[in-house]
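Only one structure is covered here, and it is reproduced in the block below.
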Ligand code: GLU
């Protein structure tokens, strides 16, 4: 049975890189008919925060993909201790009574701390005696030393990985406060939850040697590992909130008006290449085509700029996904953004407006600027000079608007009839479409750049159009 997990630590907001890890796990599970586990790695009590838990769930819910099982490490501490004790009982761990990394130490060739010989070689009797007397200790893994053992695994993305056990430090399993370390808790849970594939960020690649040692000492079979390339900024630095700001947080994309499916599509292209080399992919297509073989080793660059926080590809994909939605679906997604902008849009009206603006917006949020004039009683003030056609004058603009007003007073109010009637009027006045329609457009929309005029007027209705044209005529006096 294929089982994967996404295991965030609630020590910050949901990072875009974590979101991608979640998505790749999810796709791998769905592609293979497996199970997706969400596990909160919340044993680091000092760094955990409720705000972070909220932010992670908020981000994941927004992605809208869901998961099958959910666990919290803090509710599984008994299991972690049991595993630590079993490893200790087998002599594969020892008590370390020194404060972290203090005292005499043995160092690797690179000078890194490896272990305190005094503690590693403490007799069991002495160790038991000191523990019984109430001295606090950390429990450390007794990494095999001196026999030249090579730790080895085949990463599904990075291929064969090897390291001399002698180069791995005697890492802690339990801290001196009795809490499990990430390494212990993670492996104990992965074994207990029967995780078959661990798909996670490349920054954990080197931890895997320790994890292999834990699985082995705990008598559990190690899962398959697949590490994902890092997300980096254009300058090659690892994406971080401290350095790069809000562009690193999933909710920034949500609040800017990304569709979750577009965001997911974008993240999938960071470090994974679809076989058919297409960029636009629906959830169904992603699920069908996702494989670990398609995951790249090279770091993936998120192309943001200081003045433009979103990668152009993300923006393009968002516009594509917006256009791929049905009018009804898109209207439903736009509604909260219009409400937030203080525009009182009815469902019926928005359903009429949506087809007129869908080609004109890149973000859901753009809808308020693109369509506000449909939903306000009074147009915001605009420059009445905009009513005057190029090379024309105020008198001409007035004449056009007066004629338009007469036509709109009697024409049938659907866009085909309106177009025919206004083109006829242009003919009578000896005007081309451009100069004829500009004053009308500005009068009814309050701007030069607006959705298709006749459809727009149809949605606005006769009364509103006539009133706005009358106001425009007055403003030209
Ligand atoms: N809690 C760890 C993290 O957020 C999980 C790493 C892993 O997947 O093993 O980095």
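Residue numbers (the working numbering): 222 to 698. We put the beta carbon where it would ideally sit given N, CA and C, even for glycine. Quick caveat, the model's predicted, so the values are computed rather than measured.
| message | DSSP three-state label for residue 347, please. | response | In the chain shown, counting from the first residue as 1, residue 347 sits at position 126. Here residue 347 sits in helix by DSSP.
| message | Would residue 652 and residue 662 be called neighbours here (beta carbons separated by less than 7 Å)? | response | Looking up residue 652 in the chain shown gives position 431. Looking up residue 662 in the chain shown gives position 441. Against a cut-off of 7 Å, the Cβ pair of residue 662 and residue 652 comes out as no contact.
| request: Name the two residues that bound the continuous alpha helix (DSSP H) containing residue 542. | output: Translated into positions along the chain shown, residue 542 becomes position 321. That run of the alpha helix (DSSP H) goes 533 to 545.
| task | Using a threshold of 7 Å, state whether the C-beta atoms of residue 422 and residue 449 are closer than that. | result | For this step, residue 422 is matched to residue 201 along the chain shown. For this step, residue 449 is matched to residue 228 along the chain shown. Yes, Cβ-Cβ distance for residue 422 and residue 449 is below 7 Å.
| So residue 334 is in the beta strand (DSSP E); what residue range does that whole segment cover? | For the purposes of this step, residue 334 is taken as residue 113 along the chain shown, with counting starting at 1. Note, residue 334: beta strand (DSSP E), 334 to 336.
| request: Kindly examine the ligand GLU and report whether one of its heavy atoms sits closer than 6 Å to the Cβ of residue 262. | output: One-based indexing of the chain shown puts residue 262 at position 41. Residue 262: yes, Cβ under 6 Å from the ligand GLU.
| field | Contained alpha helix (DSSP H) runs [length at least 4] in the region 660 to 694, N- to C-terminal order | value | 674 to 681
| task | Compare the beta carbon distance of residue 581 and residue 591 with 7 Å and say whether it is the shorter of the two. | result | Start at 1 with the first residue of the chain shown, and residue 581 comes out as number 360. Start at 1 with the first residue of the chain shown, and residue 591 comes out as number 370. Yes, these two residues count as a Cβ contact at 7 Å.
| With 16 other Cβ atoms within 10 Å as the buried cut-off, status of residue 331 | Taking the first residue of the chain shown as 1, we reach residue 331 at position 110. Burial call: exposed.
| field | Close Cβ partners of residue 573 (< 7 Å) along its chain, the five nearest in sequence each way excluded | value | Position 352 of the chain shown holds residue 573. Excluding residues within five positions, the ones whose Cβ falls inside 7 Å are 680.
| request: Kindly examine the ligand GLU and report whether one of its heavy atoms sits closer than 6 Å to the Cβ of residue 463. | output: Here residue 463 refers to the residue found at position 242 of the chain shown. Not under cutoff, so the answer is no.
| request: Consult DSSP for residue 258 and reduce its assignment to one of helix, strand or coil. | output: Working through the chain shown from its first residue, we reach residue 258 at position 37. Reduced to three states, the DSSP call for residue 258 is strand.
| said: Suppose you measure from the CA of residue 366 to the CA of residue 374; what does that come to, to the nearest Å? | reply: What you label residue 366 is simply residue 145 of the chain shown in a count that begins at 1. What you label residue 374 is simply residue 153 of the chain shown in a count that begins at 1. Distance between the alpha carbons of residue 366 and residue 374 is about 19 Å.
| task | Out of 609, 677, 603, point me to the one whose CA is closest to residue 700's CA. | result | No answer is possible for residue 700: it lies beyond the span of the chain, which begins at 222 and ends at 698.
| Going by C-alpha distance, which of 249, 452, 693 is nearest residue 417? | For this step, residue 417 is matched to residue 196 along the chain shown. Here the closest residue by C-alpha is 249.
| So residue 236 is in the beta strand (DSSP E); what residue range does that whole segment cover? | The sequence position of residue 236 within the chain shown is 15, counting from 1. From DSSP, residue 236 is part of no beta strand (DSSP E); its letter is neither H nor E.
| query | For residue 449, which three-state DSSP category applies? | reply | If you number the chain shown from 1, residue 449 lands on position 228. It is a strand residue.
| Whole-angstrom C-beta distance between residue 393 and residue 412, which should lie under 8 Å | Here residue 412 is taken as the residue at index 191 of the chain shown, counted from 1. Here residue 393 is taken as the residue at index 172 of the chain shown, counted from 1. At roughly 18 Å, the Cβ-Cβ gap does not stay under 8 Å, so residue 412 and residue 393 are not in contact.
| field | Classification of residue 497 by the beta-carbon crowding that lies within 10 angstroms, buried from 16 upward | value | Translated into positions along the chain shown, residue 497 becomes position 276. Counting Cβ neighbours within 10 Å, residue 497 comes out exposed, since fewer than 16 surround it.
| said: Taking the alpha helix (DSSP H) that residue 514 belongs to, which residues open and close that run? | reply: The count along the chain shown starts at 1 and reaches residue 514 at position 293. Segment: none, residue 514 is in no alpha helix (DSSP H) and carries neither H nor E.
| query | Just how far apart, CA to CA, sit residue 312 and residue 266? | reply | Along the chain shown, one-based indexing puts residue 312 at 91. Along the chain shown, one-based indexing puts residue 266 at 45. Roughly 29 Å between the two C-alpha positions.
| message | Using a 10 Å radius around the Cβ and a threshold of 16 neighbouring Cβ atoms, would you call residue 486 buried or exposed? | response | Position 265 of the chain shown, counted from the first residue, corresponds to residue 486. By the 10 Å Cβ count, residue 486 comes out buried.
| message | For residue 298 and residue 409, what's the separation of their Cα atoms in angstroms? | response | Numbered from 1 along the chain shown, position 77 holds the residue referred to as residue 298. Numbered from 1 along the chain shown, position 188 holds the residue referred to as residue 409. Computed Cα separation, rounded: 10 Å.
| said: Tell me whether residue 268, by its Cβ, gets closer than 6 Å to a heavy atom of the ligand GLU. | reply: For the purposes of this step, residue 268 is taken as residue 47 along the chain shown, with counting starting at 1. No, the Cβ of residue 268 stays beyond 6 Å of every heavy atom of the ligand GLU.
| Under a three-way DSSP split, which group does residue 461 fall into? | The residue you call residue 461 lines up with position 240 of the chain shown. Residue 461: coil per DSSP, three-state reduction.
| said: Quick check on residue 376: does DSSP put it in helix, strand or coil? | reply: On the chain shown, position 155 is the one that residue 376 refers to. Note: residue 376 maps to strand in three-state DSSP.
| query | Quick check: the region 591 to 600 against the region 546 to 566, are there 3 or more CB pairs under 8 Å? | reply | yes
| Going by alpha carbons, who is nearest to residue 172 out of 475, 361, 547? | As displayed, the chain neither begins before 222 nor continues past 698, which places residue 172 out of reach and without an answer.
| said: Looking at the secondary structure, which residues open and close the alpha helix (DSSP H) in which residue 570 lies? | reply: Working through the chain shown from its first residue, we reach residue 570 at position 349. Looking at the DSSP string, the run of the alpha helix (DSSP H) that includes residue 570 is 568 to 578.
| task | Please find out if some non-hydrogen atom of the ligand GLU comes closer than 6 Å to the beta-carbon of residue 547. | result | Position 326 of the chain shown, counted from the start, is the residue given in the question as residue 547. No; taking the cut-off as 6 Å, the Cβ of residue 547 has no heavy atom of the ligand GLU nearer than that.
| query | For residue 425, is the beta carbon positioned less than 6 Å from some heavy atom of the ligand GLU? | reply | For this step, residue 425 is matched to residue 204 along the chain shown. Residue 425: yes, Cβ under 6 Å from the ligand GLU.
| said: What would DSSP say about residue 493, mapped onto helix, strand or coil? | reply: The residue labelled residue 493 in the question sits at position 272 within the chain shown. Residue 493 falls in the strand class under three-state DSSP.
| query | Skipping 5 residues on each side, what residues in its chain have a beta carbon closer than 8 Å to that of residue 624? | reply | Numbered from its first residue, the chain shown carries residue 624 at position 403. So the list reads 646, 649, 650, once near-sequence residues are dropped.
| task | Could you tell me the distance, in whole angstroms, from the CA atom of residue 281 to the CA atom of residue 427? | result | Your numbering for residue 281 matches position 60 in the chain shown. Your numbering for residue 427 matches position 206 in the chain shown. Rounded to the nearest angstrom, the two C-alpha atoms are 27 Å apart.
| said: Comparing C-alpha positions only, which one of 357, 251, 488 sits nearest to residue 236? | reply: Position 15 of the chain shown holds residue 236. Comparing Cα-Cα distances from residue 236 to each of 357, 251, 488, the minimum goes to 488.
| message | Looking at the secondary structure, which residues open and close the beta strand (DSSP E) in which residue 314 lies? | response | As a working mapping, residue 314 is identified with position 93 in the chain shown. Here the beta strand (DSSP E) through residue 314 covers 314 to 317.
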